[in-house]
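Heads up, this note's numbering is the position in the sequence shown plus 76, with the first residue counted as 1. Backbone N, C-alpha and C fix where the C-beta goes; we use that ideal spot for every residue, glycine too. Contents: one structure, followed by commentary.
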Amino acid sequence: MKFKNSKKILKKGLKFIPEQTMTFAKRADQYPLLSPNYIKSAKGCEFIDVDGNKFIDYTMGLGTSVLGYNDSFVNKKVHDQIDEGTLFSLPSVLEVKMAEELNKLIPSAQSIRFYKNGADICSLAVRLARSYTKKKHVLFSGYHGHHEWYSFTLRDSGNIQEMKNYSHKIPFNSFSEIKSKVEELKNDVSIIILEIDFFRPKKGYLNKLKKYCTKNNIVLAFDEMWTGFRFPGFSFQKYIKVTPNISLFSKGISNGYTLAAIVGDKKILNEFNNIWGYTTFGSDALSLKAGLSTIQRIKKVSAIDHIWKLGNYMIDKLKVLLRKNNLQNQIKIIGYPCRFKLHFIENKNETKIIYKIKETLIKNNILWNNMFVISYSHKKYHIKKTLKAFDESFNKLNQ
Ligand SMILES: Cc1ncc(COP(=O)(O)O)c(C=O)c1O
């Protein structure tokens with residue numbers, strides 16, 4: 077396999093664009109040297125790189141494609157909307173239609189506002205909560221984006237030191253640690269914001285946390301960036317039967333178009349009347365149309381059902397391969413059938429091992445970054461081909 081064009085473009089990219097691209101997860105240094113670096117086109121769960129090589133994809137545009145890339149149904153609806161116009165001087169009727177749909181689908185969605193990125197809405201969730209509770213501190217677990225209350229936890233430069241005093245990392249699953257943090261801060265806590273990622277909540281934990289938050293005037297928020305439109309019933313909160321005060325959706329809700337939705341209790345989202353939270357492209361008609369048609373299509377083809385069945389199949393087979401290659405005590409699979417990963421148990425060489433696995437997978441035309449994001453477009457034959465490559469890569473780890 078040749079990557080001549082990728083390497084040529086990469087050289088230019090590095091010259092003009094700091095860090096090569098807009099998110100580290102797409103950077104060339106995430107993959108072995110002999111890997112594609114730029115994509116020309118994508119369809120379903122596959123893409124063609126700039127050298128004409130075809131790959132099966134397990135990151136799916138960082139989670140943005142639930143149906144698969146370039147979905148014909150969504151495309152057709154978006155093309156129709158292009159002919160009607162994209163952004164107007166008054167609101168588009170699509171805002172109301174999409175809000176109505178989310179209200180029907182998502183338990184916490186009494187009120188809804190639209191934005192463009194995950195970071196937009198994670199930032200606004202905190203401002204709303206501070207305005208509503210008149211309290212300052214933020215407790216968070218997981219990743220939430222590039223905005224100020226969070227970014228310093230990953231890179232410290234460019235942030236005002238005092239800001240750091242108001243954001244506190246907490247474990248996802250520990251009620252006692254959260255409680256003692258709230259007490260330490262004399263309950264000056266406005267919001268607890270949890271990313272729903274690979275770790276399953278302890279039984280009854282989220283219900284208990286919700287009750288505690290309500291009693292203590294703390295807003296409970298779920299960051300459903302990765303779970304939205306991937307879980308049975310369209311959301312993690314419906315699946316787990318716990319309704320947070322605010323929920324944050326982006327990524328998969330519009331199948332590759334740029335839409336984010338902050339949804340939640342009416343009384344909290346009414347704080348939009350008091351905070352400053354305006355943005356020009358929030359009512360972009362193309363993304364709203366994409367969102368509406370994504371919902372339609374997911375329902376019509378039972379996409380979530382397909383994803384969970386296929387995900388469960390893949391997890392079972394991967395477990396068999398781990399046992400076959402005697403790796404079951406070193407590597408576990410964590411997450412949910414719609415998105416899971418390999419979890420390395422106390423292995424200091426994790427990065428090296430993942431790199432080695434990636435090398436074998438790339439040679440087999442599979443792009444994987446330790447995340448299995450299953451889409452409606454993944455079919456059993458894609459999974460079978462991938463499992464074969466994993467068998468080869470696990471086998472090589474033992475050599
Ligand atoms: C859980 C979670 N929250 C928030 C974000 C930020 O979203 P965005 O990159 O669209 O700003 C991400 C992005 O990966 C995410 O995974």
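Below 8 Å, too few C-beta pairs join the segment 290–297 and the segment 102–109 to call them touching: fewer than three. Using a Cβ distance threshold of 9 Å, Leu403 and Thr135 do not count as a contacting pair.
Per DSSP, Gly367 lies in no beta strand (DSSP E); the unbroken alpha helix (DSSP H) holding it starts and ends at 361–377. Gly358 carries a helical assignment under DSSP once its states are collapsed to helix, strand and coil. By alpha-carbon distance to Leu282, the top candidate from Lys456, Phe251, Val150 is Phe251. Comparing C-alpha distances from Ser323 to each of Glu435, Ile182, Ser227 shows the shortest one belongs to Ile182. For Gly120, the beta-bridge partners assigned by DSSP are Tyr145. The Cβ-Cβ distance between Phe470 and Asn401 falls below 9 Å. Spatial neighbours of Phe123 in its own chain (CB-CB distance under 6 Å, excluding positions within 5 residues in sequence) are listed in chain order as Ile115, Phe131, Asp133. Segment contact: the segment 331–342 against the segment 138–146, three or more CB-CB distances shorter than 8 Å; contact assigned.
Ser82: not part of any beta strand (DSSP E); member of the alpha helix (DSSP H) spanning 80–92, first to last residue. Inside the segment 382–470, DSSP marks whole beta strand (DSSP E) runs of 3 or more residues at positions 407–412, 415–420, from first to last along the chain. At a cut-off of 8 Å, the beta-carbon of Leu296 does not count as near ligand 1: no heavy atom of the ligand is closer than that.
Classified as buried, Glu271 has 16 or more neighbouring CB atoms from the shown chains inside 10 Å of its CB.
The secondary-structure analysis by DSSP pairs Tyr191 across a beta bridge with Ala336. The DSSP-derived three-state label of Ala205 is helix. Between the alpha carbons of Glu160 and Lys180 lies a distance of about 26 Å.
Among the bridge pairs identified by DSSP, Ala297 is matched with Ile269, Ile322. Remark: C-beta atoms of Lys245 and Phe216 approach each other more closely than 9 Å. Contact holds between the segment 165–180 and the segment 346–364, because three or more Cβ pairs, one in each stretch, are under 8 Å apart. For His155, the three-state secondary structure derived from DSSP is helix. For ligand 1, no non-hydrogen atom lies closer than 8 Å to the CB of Glu224. Put simply, of Asn235, Gly309, Ser311, Thr209 the residue whose alpha carbon is nearest the alpha carbon of Ile268 is Thr209. A contact between stretches requires three or more CB pairs, one per stretch, nearer than 8 Å, and the segment 192–200 meets this requirement with the segment 220–233.
Residue pairing by DSSP places Ser243 opposite Val214 in a beta bridge. Contact annotation, Ile338 with Arg189: C-beta distance approximately 5 Å; criterion of less than 8 Å satisfied. Per the Cβ contact rule, the segment 414–430 is not in contact with the segment 457–465 (fewer than 3 Cβ pairs under 8 Å). Taking Thr162 as the centre and dropping the five residues before and after it, the same chain places the C-beta of Asp360, Ala361, Leu362 closer than 7 Å to its C-beta, in chain order.
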